[in-house]
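Asker:
Residue numbers (my numbering): 50 to 217.
Rendered as structure tokens:
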């Protein structure tokens, strides 16, 4: 009897904590589990809370993954880079699922590269555009977003060619 009351109080405390942090932002099951563990809750209680939250649709791995993909996609990260970041967060999503989200928003890696290059070139003069050091910086920046060297080089060449045509 006393054990049930303690468990009920602990459940309520863990549940309230979970709802409070979920009201601020979404969490994956894995991240929420870590948060609850850091608060010192019992492992079996944590599993019970997580199952309860999933049944009430307060946590949904698919929606969480999709929102993360959208967020990283708008930052210009490549599909492979996004997949790696999802794996780091213990979220299972294959390239097909990520590609579907890209398709849903009519985005591909070429258009991502194009917009990233435009963003970087907005604030520079046309003389700087052809500077070798600027091009190296731009390549490093685009590679840091997870894009392949070949795609980056092709996108930069295409952008410079179009820029040349507009100038002359």
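Yeah, the Cβ is synthetic: ideal placement off N, Cα and C, and Gly gets one too.
I need the DSSP call for residue 108, collapsed to helix, strand or coil.
Answerer: coil
Asker: By the DSSP assignment, the alpha helix (DSSP H) with residue 88 in it spans what residues?
Answerer: It is not in any alpha helix (DSSP H) - residue 88 carries neither H nor E in the DSSP assignment.
Asker: Taking all protein chains shown into account, do 16 or more other C-beta atoms lie within 10 angstroms of the C-beta of residue 57, making it buried, or fewer, making it exposed?
Answerer: exposed
Asker: Relative to the C-alpha of residue 80, which residue among 137, 133, 104, 123 is closest?
Answerer: Among 137, 133, 104, 123, the Cα nearest to that of residue 80 is on 137.
Asker: Does the beta-carbon distance from residue 75 to residue 113 come in below 8 Å?
Answerer: In this structure, residue 75 sits near residue 113, with a CB-CB distance shorter than 8 Å.
Asker: Measure how close the beta-carbons of residue 150 and residue 119 come, nearest whole angstrom, since I'm counting them as under 8 Å.
Answerer: 6 Å
Asker: With a threshold of 8 Å on Cβ separation, who are the neighbours of residue 52 within its own chain once the five nearest residues in sequence on each side are excluded?
Answerer: Note that residue 52 scores a pLDDT of 47, beneath 50, so its modelled location is shaky; the value from the coordinates is reported in the next line. Excluding residues within five positions, none has a Cβ falling inside 8 Å.
Asker: Is residue 194 helix, strand or coil when you go by DSSP?
Answerer: coil
Asker: Give the list of continuous alpha helix (DSSP H) stretches no shorter than 4 residues that lie fully inside the region 149 to 203.
Answerer: With a minimum length of 4 residues, the continuous alpha helix (DSSP H) runs that stay inside the region 149 to 203 are 158 to 170, 175 to 178, 181 to 193.
Asker: Alpha carbon to alpha carbon, what distance is there between residue 111 and residue 205?
Answerer: 35 Å
Asker: Out of curiosity, what's the CA-to-CA distance linking residue 102 and residue 131?
Answerer: If you take the alpha carbons of residue 102 and residue 131, they lie about 26 Å apart.
Asker: Thinking just about the alpha-carbon of each residue, which of 156, 104, 180, 89 is nearest to the one in residue 121?
Answerer: 156
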